[in-house]
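**Q**
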Amino acid sequence: MPQLRLALNQIDSTVGDLAGNAEAIVHWTRHAAGQGAHLVAFPEMVLTGYPVEDLALRSSFVEASREALRGLALRLAEEGFGEVPVVVGYLDRSERAKPRLGRPAGSPENAAAVLYGGEVVLRFAKHHLPNYGVFDEYRYFVQGDTLPVVRVHGIDVALAICEDLWQDGGRVPAARAARAGLLLSVNASPYERDKDDTRLELVRTRAREAGCVTAYLATTGGQDELVFDGDSIVVDAEGEVVARAPQFVEGSVILDLELPAYDPDAPEGPVGEDGLRIDRVVLSEKPLPAYEPELTGGYAHRLDDDEEVYSALVVGLRAYLAKNGFRSVLVGLSGGIDSSLVAAIACDALGAEHVYGVSMPSKYSSGHSRGDAAELARRTGLNYRTVSIEPMFDAYMGALGLTGLAEENLQARLRGTALMALSNQEGHLVLAPGNKSELAVGYSTLYGDAVGAFGPIKDVYKSDVFRLARWRNRAAEERGQTPPIPENSISKPPSAELRPGQVDTDSLPDYEVLDGILALYVDRDQGRDAIVAAGYDEELVTRTLRMVDTAEYKRRQYPPGTKISAKGFGKDRRLPITNRWRESPAG
104 MPQLRLALNQ IDSTVGDLAG NAEAIVHWTR HAAGQGAHLV AFPEMVLTGY
154 PVEDLALRSS FVEASREALR GLALRLAEEG FGEVPVVVGY LDRSERAKPR
204 LGRPAGSPEN AAAVLYGGEV VLRFAKHHLP NYGVFDEYRY FVQGDTLPVV
254 RVHGIDVALA ICEDLWQDGG RVPAARAARA GLLLSVNASP YERDKDDTRL
304 ELVRTRAREA GCVTAYLATT GGQDELVFDG DSIVVDAEGE VVARAPQFVE
354 GSVILDLELP AYDPDAPEGP VGEDGLRIDR VVLSEKPLPA YEPELTGGYA
404 HRLDDDEEVY SALVVGLRAY LAKNGFRSVL VGLSGGIDSS LVAAIACDAL
454 GAEHVYGVSM PSKYSSGHSR GDAAELARRT GLNYRTVSIE PMFDAYMGAL
504 GLTGLAEENL QARLRGTALM ALSNQEGHLV LAPGNKSELA VGYSTLYGDA
554 VGAFGPIKDV YKSDVFRLAR WRNRAAEERG QTPPIPENSI SKPPSAELRP
604 GQVDTDSLPD YEVLDGILAL YVDRDQGRDA IVAAGYDEEL VTRTLRMVDT
654 AEYKRRQYPP GTKISAKGFG KDRRLPITNR WRESPAG
């Protein structure tokens, strides 16, 4: 059988940085060519970054992407890689789609191309466009209608883009009909918890349906609230894993494959139920001389659930800071578990020397909370200072005479003002410590503890905050290191400490119970009756759902944060602020 050395480059890219992304493509192509690769591939829209959102509707950006692609083809040839086919994702526009109501202006395409010999020899657009969760691709793109096939060293390689594998029909059965020897899909599929298991089963299924070896190339890194976990996979025609890349790590998977020779009687024209037109480009019909396979691609260590989620939070924060030009962060340290976990994530993402913590005690702050904040700083080595809010608080109280909730929230807002002032003065990015449970029910102070430019644990329920904190400490112990989070921060009852003796359970149910209700209502869109039927107290469910519904205005003003669940408080959950609908008992 003909042989092929395939290089899958799972790399990060930055939205809008055409020059920087092109440079990365050249760098990794050089690496792959140095390893003797015969076909080199990069992720979905790697040249432009992904997702580009409304940039896709700007004709100037589309044309810049097209021009950058042509320039990249020439650059690769000039660097001596012209004889190596390179698959690159980019932003294109359809030459055939006619303007009409409901079609994106300019007919942009989520596209990929094959670069060879200094030219763009094949272009194609994504066929299946996702329009769920965080995806709005019908808003931005028009569909592709071809099955692209490139013949490399006597092997027909069918090409696809991400959703083309996730949905039934389309390019997968078309690849079988075209008798492809390899199906290569380039992807930028965002991370969510447990998606790696779903992805593996998907690729196995599609390989069996296509009847050929299937390579799923993923991206890694982060873009705003999205994080990408890598985990590129190659499986054989029976669905058995041949190679699997690391999670959350940039790199290149290079492996030798034995693949069927192209079929000279393979059909031309429309194939499959969708009638996709085969667009075949022949680069080299003759197989390579036989060689001894040397590279297997490997099978990377799999992360357990807690390590996987924690890694996603670290990568998401690191990418957001790096891509927005920030080198340091500022965290308000209360001694509680939320700010402690955020600080630990920040230290792992940036290094403790770039993390600045500030304790802002009031007369209601307990001695153990002050001590826990200082102990966290000692354990991690982050920069630490104390700024008392009592003088500011006394001045406001003298002027306004506040009582009750207004007095409590004033303390949080003074802390927020202090953090933003220090950020403005010193140039640090402020991290908001709110978790998903608190954001869901509105248990936060607008312009107080909700201030910041990024919320690392915004999509982490409180019960998972405890789990991750324990995991991080346990991981440190296993490595012979000092656990970063003081045990007292984990074990003591959570409290905002805005009045004497206050604990969270004064206002909220136990977090294990609360999070169970929220998971059904927020993540799964279950109604009141379904949640009660799942075993939760009727009165508690009604009260919890009311809190969630009335807190939408707060969530809209909260900063972005890394998405780790199937449905976070961001693009994938859109509810009106002005909304009188409330869940009520059936009948």
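Counting from 104, one number per residue, gives the positions in the sequence shown under the numbering used here.
Where a beta carbon is used, it is the ideal one built from N, C-alpha and C, also for glycine.
By alpha-carbon positions, which one of P464, E304, S162, I667 ends up nearest to F64?
**A** Outside the modelled stretch of the chain, which goes from 104 to 690, sits residue 64, for which no answer is possible.
**Q** How should D297 be labelled, buried or exposed, when 16 other C-beta atoms within 10 angstroms of its C-beta is the threshold for buried?
**A** Per the 10 Å Cβ criterion, exposed.
**Q** Quick check: the Cα distance between K674 and G183, rounded to an integer number of angstroms?
**A** Distance between the alpha carbons of K674 and G183 is about 43 angstroms.
**Q** If you draw a straight line from the C-alpha of T681 to the C-alpha of V237, how long is it?
**A** So the alpha carbons of these two residues sit roughly 22 angstroms apart.
**Q** Less than 8 angstroms between C-beta atoms, sequence neighbours within five positions excluded: which residues of the same chain meet that for D626?
**A** S668, A669, K670, listed in sequence order.
**Q** So P99 and N234 are supposed to be a Cβ contact under 8 angstroms. How far apart are they, rounded?
**A** Because residue 99 is not part of the residues shown, which for the chain are 104 to 690, the question remains open.
**Q** Excluding five sequence neighbours on each side, which residues of the same chain lie with their C-beta closer than 6 angstroms to the C-beta of H158?
**A** The amino acid at residue 158 is misidentified as His; the sequence shows Leu. The answer, listed in chain order, is F164.
**Q** Go ahead and pull the three-state DSSP assignment for D271.
**A** Coil at D271, not helix or strand.
**Q** To which residues of the same chain is S168 closer than 8 angstroms at the C-beta, ignoring the five residues directly before and after it?
**A** The residues are L121, L150, T151, Y193, L194, D195.
**Q** I'd like the span of the alpha helix (DSSP H) that includes F569, first residue to last.
**A** Counting along the chain, the alpha helix (DSSP H) containing F569 begins and ends at 565-581.
**Q** What residue range is occupied by the uninterrupted beta strand (DSSP E) comprising P211?
**A** Where P211 is concerned, the enclosing beta strand (DSSP E) stretches over 211-219.
**Q** For the beta strand (DSSP E) that contains G419, what are its first and last residues?
**A** Not the beta strand (DSSP E): G419 falls in the alpha helix (DSSP H), residues 408-426.
**Q** On the criterion of 16 or more Cβ atoms from any shown chain inside 10 Å, does Y656 qualify as buried, or is it exposed?
**A** Exposed.
**Q** Is there at least one Cβ from chain B nearer than 8 angstroms to A125's Cβ?
**A** The displayed structure is made up of one protein chain only, and chain B is not part of it.
**Q** With a threshold of 8 angstroms on Cβ separation, who are the neighbours of R133 within its own chain once the five nearest residues in sequence on each side are excluded?
**A** Excluding sequence neighbours, R133 sits near E182, F184.
**Q** Do the CB positions of L433 and L549 come within less than 8 angstroms of each other?
**A** No, these two residues do not count as a Cβ contact at 8 angstroms.
**Q** Mind checking who V434 pairs with in its DSSP beta bridge?
**A** According to DSSP, which records beta bridges pairwise, V434 is partnered with G460.
**Q** I want to know whether the region 613-623 touches the region 448-456 - three or more CB-CB distances under 8 angstroms.
**A** The region 613-623 vs the region 448-456: no contact.
**Q** Leaving aside the five residues before and after R226 along the sequence, list all residues of the same chain whose C-beta is less than 7 angstroms from its C-beta, in chain order.
**A** Cβ neighbours of R226 beyond the five flanking positions: D195, A214, A216.
**Q** In chain order, what residues of the same chain lie with their CB nearer than 6 angstroms to the CB of A229, ignoring the 5 residues before and after it?
**A** One detail in the question is off: residue 229 reads as Lys in this sequence, not Ala. Same-chain partners within the cutoff: N213, G247, I264.
**Q** With a cut-off of 8 angstroms on the beta carbons, I'd call V352 and T323 a contact; round off their distance for me.
**A** Indeed they touch by this definition, with Cβ atoms about 7 angstroms apart.
**Q** Please report the distance separating the alpha-carbon of S484 from that of P464.
**A** Residue identity check: residue 484 is Gly in the sequence provided, not Ser. When rounded, the distance between both Cα atoms is 21 angstroms.
**Q** Report the three-state DSSP secondary structure of E686 (helix, strand or coil).
**A** If DSSP states are grouped into helix, strand and coil, E686 belongs with coil.
**Q** Sort out for me which residues DSSP pairs V143 with in a bridge.
**A** BP columns for V143 point to A110, V189.
**Q** Rounded to the nearest angstrom, how far is the Cβ of A321 from that of Q113, given a contact under 8 angstroms?
**A** Correct: roughly 5 angstroms between the Cβ atoms.
**Q** What residue from D299, A535, V445, P494 has the CA that sits closest to L517's CA?
**A** Of the listed residues, the one whose Cα sits closest to L517 is P494.
**Q** Take the Cβ of L678 as the centre, count every other Cβ of all protein chains shown within 10 Å, and call the residue buried at 16 or more, exposed below.
**A** Burial call: exposed.
**Q** In angstroms with no decimal places, state the Cα-to-Cα distance between G273 and V445.
**A** Cα to Cα, the separation comes out at about 43 angstroms.
**Q** Could you tell me the alpha carbon to alpha carbon distance between L542 and A654, rounded to whole angstroms?
**A** Between L542 and A654, the C-alpha separation is close to 8 angstroms.
**Q** Got a sec? Which residues, its chain only, sit under 7 angstroms from G690 by beta carbon, not counting five neighbours each side?
**A** Residue confidence is low: G690 scores 46 on pLDDT, short of 50, so the model does not pin down where it sits. Its coordinate-derived value is still stated next. Nothing meets the Cβ criterion.
**Q** How should Y402 be labelled, buried or exposed, when 16 other C-beta atoms within 10 angstroms of its C-beta is the threshold for buried?
**A** Looking at its Cβ environment, which holds fewer than 16 other Cβ atoms inside 10 Å, Y402 is exposed.
**Q** At the level of alpha carbons, what is the spacing between K466 and G501?
**A** Distance between the alpha carbons of K466 and G501: 15 angstroms.
**Q** Let me know the secondary structure DSSP gives H440 once reduced to three states.
**A** Checking the sequence shown, residue 440 turns out to be Ile, not His. Correct three-state label for I440: helix.
**Q** Is Y243 helix, strand or coil by DSSP?
**A** Looking at Y243 - three-state DSSP - the assignment turns out to be helix.
**Q** Given 8 angstroms as the limit, is there contact between the region 556-575 and the region 584-595, that is, 3 or more CB pairs closer than that?
**A** Segments in contact, yes.
**Q** Rounded to whole angstroms, what's the CA-CA distance from G583 to G545? Just pull it up for me.
**A** Going from the Cα of G583 to the Cα of G545 covers about 39 angstroms.
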